[in-house]
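Below is one structure, written out as structure tokens; comments come after it.
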Amino acid sequence: MSEQRPVLPASDGGPFVPAPTPSRAGGAGLVGSPDFAGGADWGSKSRRRLIIEVLLVLGLSLGQSAVYSVVSLLDKMSRAPIAQGTSTLNTVQSNREFFDFTYQILGIFFALVPVMLVFYLLAEPGKSVFKKIGLDWRHPFRDALGALGLLVIIGVPSLGLYAAGRAMGITTEIIPSALNQYWWTIPVLILSAIRAGVLEEVILNGYLLGRLTKIGLSWWAAIFLAALLRGSYHLYQGFGPFIGNFAMGLLFGWVYKKWGRVAPLVIAHALVDIAAFTLGPALGFGG
């Protein structure tokens, strides 16, 4: 059973976002830094204010995606067994090439606005926010090697988990891309994959983990909640992707706690999505 409303999530890590239809269109700092201290000492901002900040950021980004994802799953389950549903990721937004391209680029840009907000919230006078969360070029070779290691750890198991989920009837058919074939299709899919990597890893690891520890949660409690959120906004794909992304969240949270750098997480995530978006059928996903 196919979707009646197109969606724009990433197959392995992208959030569920209801796609705009043209007819209706008009940190965590480094380990050991003050950001990793408990919630008792955080300048003049109160704990309540910090909780509100986190809720607002999530309400504009991945938390909103999680709510839509749960509703989408309930919608699919009320219609037919999960295995008969489909989850289409990158969808056509207009039957006219120029406007389809325009909608795709606008969607990618505005999806990254919450990331810009996070950069603003994490910024401190005289300090680089990119250095603070490890999204810079200080360790390019180490980041690249770390990303390749993570790619191996999460890439192949993700394919196996998808196949197993389909066999058990707990995962929808995932169609990574339904875009028409234009000169810009592959570049847009690559940009969409990078967008997913930046959006999720910066907000979940670079921002949320540090904020949750400031509120007073332990590190592992923060990692667990961030992983639960990651899995939740993939529930529209079924329970298999929820489990896989929850496990990925635990791994990425542990890696960020250990390395204090979000760059290898972004690279690994983007590479997984690039492969899924551009080589979907070859990897066993729906055509």
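Numbering (the working numbering), first residue to last: 6 to 292.
Positions of the beta carbon are idealized from the N, C-alpha and C atoms, including for glycine.
Within 8 angstroms, strictly: CB atoms of residue i and residue j
i, j, result
"residue 89", "residue 193", "no"
"residue 266", "residue 154", "no"
"residue 95", "residue 290", "no"
"residue 239", "residue 74", "yes"
"residue 81", "residue 176", "no"
"residue 105", "residue 269", "no"
"residue 159", "residue 277", "yes"
"residue 97", "residue 234", "no"
"residue 117", "residue 58", "no"
"residue 285", "residue 182", "yes"
"residue 72", "residue 119", "no"
"residue 171", "residue 113", "no"
"residue 83", "residue 241", "no"
"residue 167", "residue 236", "no"
"residue 243", "residue 87", "yes"
"residue 206", "residue 67", "no"
Nonlocal neighbours in the same chain, by C-beta distance under 6 angstroms from residue i, ignoring five residues either side
i, result
"residue 261", "210"
"residue 279", "195, 198"
"residue 100", "none"
"residue 141", "135"
"residue 65", "119"
Residue i, DSSP secondary structure in three states
i, result
"residue 190", "helix"
"residue 92", "strand"
"residue 130", "coil"
"residue 254", "helix"
"residue 283", "helix"
"residue 199", "helix"
"residue 243", "strand"
"residue 182", "strand"
"residue 177", "coil"
"residue 145", "helix"
"residue 231", "helix"
"residue 44", "Because residue 44 carries a pLDDT of 41, less than 50, the predicted location of this residue cannot be relied on, and the following value inherits that uncertainty. It is coil, neither helix nor strand."
"residue 290", "coil"
"residue 100", "coil"
"residue 85", "coil"
"residue 266", "coil"
"residue 238", "coil"
"residue 112", "helix"
"residue 65", "coil"
"residue 70", "helix"
"residue 223", "coil"
"residue 154", "helix"
"residue 166", "helix"
"residue 213", "helix"
"residue 77", "helix"
"residue 160", "helix"
"residue 139", "coil"
Whole-number beta carbon distance between residue j and residue i, since they are thought to touch under 8 angstroms
i, j, result
"residue 85", "residue 272", "Actually they do not touch by this definition, with Cβ atoms about 38 angstroms apart."
"residue 134", "residue 124", "5 angstroms"
"residue 187", "residue 102", "6 angstroms"
Close beta carbons around residue i, own chain, < 8 angstroms, minus the five adjacent residues each side
i, result
"residue 231", "209, 210, 213, 214, 217, 254, 258"
"residue 256", "155, 158, 159"
"residue 49", "Since pLDDT at residue 49 reaches only 44, below the 50 mark, its modelled position is unreliable, and the value read off the structure follows with that caveat. Nothing meets the Cβ criterion."
"residue 174", "86, 87, 88"
"residue 228", "214, 254, 255, 258, 259, 262"
"residue 27", "Per-residue confidence for residue 27 stands at a pLDDT of 44, beneath the threshold of 50, marking its modelled position as unreliable; the derived number appears in the next sentence. So the list reads 98, 99, 104, 108, once near-sequence residues are dropped."
"residue 143", "136"
Contact set for residue i: own chain, Cβ-Cβ below 7 angstroms, skip 5 residues either direction
i, result
"residue 220", "44, 52, 55, 56"
"residue 78", "240, 241"
Closer than 8 angstroms to chain C by CB, residue i
i, result
"residue 77", "No chain C appears in this structure, which consists of one protein chain only."
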